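To start, the structure itself, in structure tokens.
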Amino acid sequence: MSRIAFIGLGNMGAPMALNLVRAGHELVVFDLMPQAIKTLTDAGAHAADSARAAVAGAEFVISMLPASQHVERLYLGNEGLLSVIQPGTLIIDCSTIAPETARKVAQAAQAAQLAMIDAPVSGGTGGAVAGTLTFIVGGQSADLDKARPLLEKMGKNIFHAGDAGAGQVAKICNNMLLGILMAGTAEALALGAANGLDPVVLSDIISKSSGRNWATELYNPWPGVMENAPASKGYAGGFGVDLMLKDLGLAAESALQSRASTPLGELARNLYSLHSSQGHGGLDFSSILNLYRKA
Ligand code: NAD
Numbered sequence: 203m204s205r206i207a208f209i210g211l212g213n214m215g216a217p218m219a220l221n222l223v224r225a226g227h228e229l230v231v232f233d234l235m236p237q238a239i240k241t242l243t244d245a246g247a248h249a250a251d252s253a254r255a256a257v258a259g260a261e262f263v264i265s266m267l268p269a270s271q272h273v274e275r276l277y278l279g280n281e282g283l284l285s286v287i288q289p290g291t292l293i294i295d296c297s298t299i300a301p302e303t304a305r306k307v308a309q310a311a312q313a314a315q316l317a318m319i320d321a322p323v324s325g326g327t328g329g330a331v332a333g334t335l336t337f338i339v340g341g342q343s344a345d346l347d348k349a350r351p352l353l354e355k356m357g358k359n360i361f362h363a364g365d366a367g368a369g370q371v372a373k374i375c376n377n378m379l380l381g382i383l384m385a386g387t388a389e390a391l392a393l394g395a396a397n398g399l400d401p402v403v404l405s406d407i408i409s410k411s412s413g414r415n416w417a418t419e420l421y422n423p424w425p426g427v428m429e430n431a432p433a434s435k436g437y438a439g440g441f442g443v444d445l446m447l448k449d450l451g452l453a454a455e456s457a458l459q460s461r462a463s464t465p466l467g468e469l470a471r472n473l474y475s476l477h478s479s480q481g482h483g484g485l486d487f488s489s490i491l492n493l494y495r496k497a
């Protein structure tokens, strides 16, 4: 069993860390929010007072933070973790961040005789709880092989996308599509409801027809259609509008740099941006339905 430092215990990090504790690993955890730590200590993990204290003696460091700036601040600079993690440790960053940031931190890690992989995930909070996440990894094959036994306790599918940063590129492409599909699903359900259809019946029809997608199968945006979806829990928890907006921003930056054309991604980014600017940034991203739904 391994000694693991786990940093960032939010909607995703907490259930992921919990699966590692349940698999018998020794976890030392840290989050800026004390209430996030409690779930883990109740399950048998040890709490650290700081991220620097958490990584002392760790064989693996796993981070699950919101965005690029958080990952950069955690690892780089005079106060950054790279200056205190013991050589030979493998860092697994599961946050969704800019590919350039992933590469920058991986290079700095290598200079400090540490290995690092970017391992963003797909599958939502349901997948994190069930241990069925998809890991999309960028980095050296040997480092992925070392991480695999841990990733298998948190996920079902593990892909090697390429070198450092490649996991993030693939994840950004996936999430751009997810943002488009969720907005499209909300639009279609609202159109049906505005024309007298029952959203439950329409959802059933779409989920067995050619419009079916992850949102209609597992994460329906209409309240009451799926008991366990965030839509049926007041859009609490899940995947925040502002996190989706961040990912669509990463897609837009990647498109600009590579001169790729992403008109639907841009349109989706604008829709989530409008929704966030109306004060809904903290709700689950399926609440985009409220932009379309008649009062
Ligand atoms: P979240 O906001 O629920 O959790 C982030 C946690 O990180 C918070 O508890 C916060 O206190 C903590 N944190 C921030 N800075 C920290 C620091 N310096 N030290 C310690 N803790 C710190 O976010 P989430 O939904 O868990 O998402 C995390 C990442 O996973 C994001 O990059 C997101 O895009 C990605 N992701 C989320 C989902 C989802 O469904 N929620 C799915 C796939 C990927």
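Whatever position you read off the sequence shown (first residue = 1), add 202 for my numbering. Heads up, the beta-carbon is just placed ideally off N, CA and C, and yes, glycines get one too. Since the model is a prediction, treat every value here as computed from it, not as a measurement.
Rounded C-alpha distance that separates residue i from residue j
i      : j      : result
Leu379 : Ala269 : 19 Å
Gly386 : Ala256 : 42 Å
Ala497 : Lys435 : 18 Å
His477 : Leu450 : 14 Å
Ser488 : Leu399 : 20 Å
Val339 : Gln480 : 35 Å
Pro432 : Gly440 : 6 Å
Leu276 : Ile264 : 12 Å
Thr464 : Val371 : 14 Å
Leu473 : Arg224 : 40 Å
Leu469 : Val286 : 43 Å
Gly357 : Gly259 : 25 Å
Collapsed DSSP secondary structure at residue i in the structure displayed
i      : result
Gly340 : strand
His362 : strand
Arg205 : strand
Val273 : helix
Glu146 : Given a span of 203 to 497 for the chain in the structure shown, any question on residue 146 remains unanswerable.
Leu316 : coil
Val263 : strand
Ala300 : coil
Ile294 : strand
Val257 : coil
Ser434 : helix
Ser478 : helix
Leu175 : Given a span of 203 to 497 for the chain in the structure shown, any question on residue 175 remains unanswerable.
Ser412 : coil
Gly439 : coil
Ala308 : helix
Gly357 : strand
Ala249 : strand
Leu346 : helix
Leu335 : strand
Near ligand 1: residue i beta-carbon under 7 Å from a heavy atom
i      : result
Asp449 : yes
Arg275 : yes
Leu353 : no
Gly341 : no
Asn430 : no
Asn376 : no
Val323 : yes
Phe441 : yes
Pro301 : no
Gly333 : no
Asn213 : yes
Leu267 : yes
Asp251 : no
Ile209 : yes
Asp295 : no
Leu234 : yes
Thr241 : no
Leu445 : yes
Ala349 : no
Thr298 : yes
Range covered by the alpha helix (DSSP H) that runs through residue i
i      : result
Met195 : A question about residue 195 goes unanswered here, because the residues of the chain that appear run from 203 up to 497.
Asp406 : 401-409
Glu419 : 416-420
Ser488 : Taken as a continuous stretch (DSSP letters only), Ser488 belongs to no alpha helix (DSSP H), as it is neither H nor E.
Ala454 : 443-460
Gln237 : 236-244
Arg224 : 215-224
Thr327 : 326-332
First and last residue of the uninterrupted beta strand (DSSP E) at residue i
i      : result
Glu228 : 228-232
**Report entry** Stretch pair the segment 300-313 + the segment 345-352: three plus CB contacts closer than 8 Å
**Finding:** Fewer than three pairs of CB atoms, one per stretch, sit closer than 8 Å, so the segment 300-313 makes no contact with the segment 345-352.
Problem set entry | Given 8 Å, three or more beta-carbon pairs between the segment 361-380 and the segment 241-257 | Inter-segment contact for the segment 361-380 and the segment 241-257 is absent: fewer than three beta-carbon pairs are separated by less than 8 Å.
Fill in: Three CB pairs or more closer than 8 Å across the segment 317-330 and the segment 282-301
Yes, since at least three Cβ pairs between the segment 317-330 and the segment 282-301 fall closer than 8 Å, the two stretches touch.
Touching or not, the segment 391-408 and the segment 421-428, by the rule of three or more beta carbon pairs under 8 Å? Output reads yes: the segment 421-428 touches the segment 391-408.
Are there three or more Cβ pairs, one per stretch, closer than 8 Å when the segment 208-215 is compared with the segment 233-242?
Segments in contact, yes.
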